[in-house]
Amino acid sequence: MKLPRDSIVNRFPDLHIHQTIDEIRNLLINGFDDSKKTIFLCGKDKSDKKSLRYKFSTFLSQEKGITLTYPEDLFEDLLEGQGKNSLLSLETQLANSVDLIVLIPESPGSFAELGAFSMDKTLANKMLVMRMGEFKSGKSFINHGPIRLVRSHGGEIYDIPKNFDEKNSEHVKVVLGKIKKTLPSGRKKKELDNILLYSKHVLLLIYLFDDLNLRSVYKTMELIMERKFDNRDNVACKAATHSLIRAGMINQQEGLFTITQIGYNSIINSFYLKSSLTELRAKIMNKQYARH
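Just so you know, we're using the numbering used here here: the sequence shown kicks off at 1 and counts up by one.
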């Protein structure tokens, strides 16, 4: 006897899933507020409070028109035991999804990132390398290799004032001014099917549906993107849930995801079409909790 197939989403009839997915896709394309500029902030481990990256993050995260993303948040799962899923394999998606790459070379890992990004013309063009002032005139490989490449591809180099202090308003003012000046003007619509945006998509799904598990996330994301997912796509979805958990936006208990108040606030503040958002949530709840 053939066993019944599991529903794509718990307690939600597959009969209605495609129409609902169309509405979700429309929200993601037309209802999402993408006016904020996305900065990919690279440097020393951000947990090191003495690092310049940590210091920069303290004031950049307070800027209303800026969203910060970090390599380790996005790629921790993608890189873990996934040789073919190296950071460099995601170059094109990275270039398409961020407005500016701010890189502070202050550790072996960030030196490697600088070297790798400088080799890609599109990425190098989006780079602002914040070089520590004391290394400005050094005859190092970094200055003669990657720094020169970044400049040749249209990227920018800025020398951070020596003894930078994030508590010194003048220090912050000049650095923040340079970053804002380097950010591109105008708005560029970001591609929907981009691994780096999966956390935003997954957060919306967890807001809209109750009792989503990882399998349901995979399946609904496949339908939204209108293509068959491979292992890397599934790993990227899993990475997105881990990133959201770390950010305090969702919880996971017994395999099921729920949105937190922080996540709810993020959703409400991220969409123009708030009435469409709440209406769709109500329609989905009616179907999930209807008597069958």
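Beta carbons: idealized from backbone N, C-alpha and C, even for Gly.
Per-residue DSSP class, three states only, for residue i
i: residue 289; result: coil
i: residue 6; result: coil
i: residue 45; result: coil
i: residue 156; result: strand
i: residue 102; result: strand
i: residue 131; result: strand
i: residue 38; result: strand
i: residue 20; result: helix
i: residue 56; result: helix
i: residue 15; result: helix
i: residue 229; result: coil
Neighbourhood of residue i by C-beta, 7 Å cutoff - its chain only, sequence neighbours within 5 removed
i: residue 218; result: 229, 234, 237
i: residue 197; result: 97, 190
i: residue 61; result: 68
Own chain residues within Cβ distance below 6 Å of residue i, not counting five before or after
i: residue 36; result: 65, 67
i: residue 175; result: none
i: residue 9; result: 209, 216
i: residue 7; result: 14
Local Cβ density within 10 Å of residue i, reported as buried at 16 or more and exposed below that
i: residue 105; result: buried
i: residue 84; result: Only weak support exists for where residue 84 lies, its pLDDT of 46 falling under 50; the value from the coordinates is given anyway. So residue 84 counts as exposed.
i: residue 21; result: buried
i: residue 267; result: buried
i: residue 71; result: buried
i: residue 210; result: buried
i: residue 147; result: buried
i: residue 248; result: exposed
i: residue 259; result: buried
i: residue 243; result: buried
i: residue 200; result: buried
i: residue 263; result: buried
i: residue 29; result: exposed
i: residue 282; result: exposed
i: residue 47; result: exposed
i: residue 50; result: exposed
Nearest candidate by alpha-carbon position, reference residue i, set the options
i: residue 58; options: 245, 161, 172, 287; result: 172
i: residue 112; options: 93, 43, 178; result: 43
i: residue 254; options: 212, 288, 271, 223; result: 212
i: residue 208; options: 196, 177, 72, 276; result: 276
i: residue 308; options: 184, 223, 108, 214; result: A question about residue 308 goes unanswered here, because the residues of the chain that appear run from 1 up to 292.
i: residue 204; options: 25, 6, 222, 14; result: 25
i: residue 293; options: 201, 193, 155; result: The chain is shown from 1 up to 292; residue 293 falls before or after that span and cannot be answered.
i: residue 232; options: 251, 250, 194, 114; result: 194
i: residue 101; options: 157, 50, 11, 145; result: 157
i: residue 152; options: 118, 167, 182; result: 118
i: residue 17; options: 225, 269, 95, 220; result: 220
i: residue 166; options: 177, 12, 54; result: 54
i: residue 206; options: 115, 286, 170, 241; result: 241
i: residue 227; options: 41, 256, 192, 115; result: 192
Contacts around residue i, its chain only, beta-carbon distance under 8 Å, and the 5 residues preceding and following it disregarded
i: residue 52; result: 43, 44, 104, 106, 130, 132, 160, 164
i: residue 280; result: 20, 23, 24, 27, 208
i: residue 31; result: 271, 272, 273, 276, 277
i: residue 123; result: 91, 94, 95, 101, 117
i: residue 56; result: 41, 43, 102, 104, 130, 166, 175
4 or more residues per run - each alpha helix (DSSP H) lying fully within the region 145 to 222: 146 to 152, 169 to 182, 198 to 208
Complete beta strand (DSSP E) runs within the region 246 to 279 (minimum length 3 residues, chain order): 250 to 253, 256 to 259
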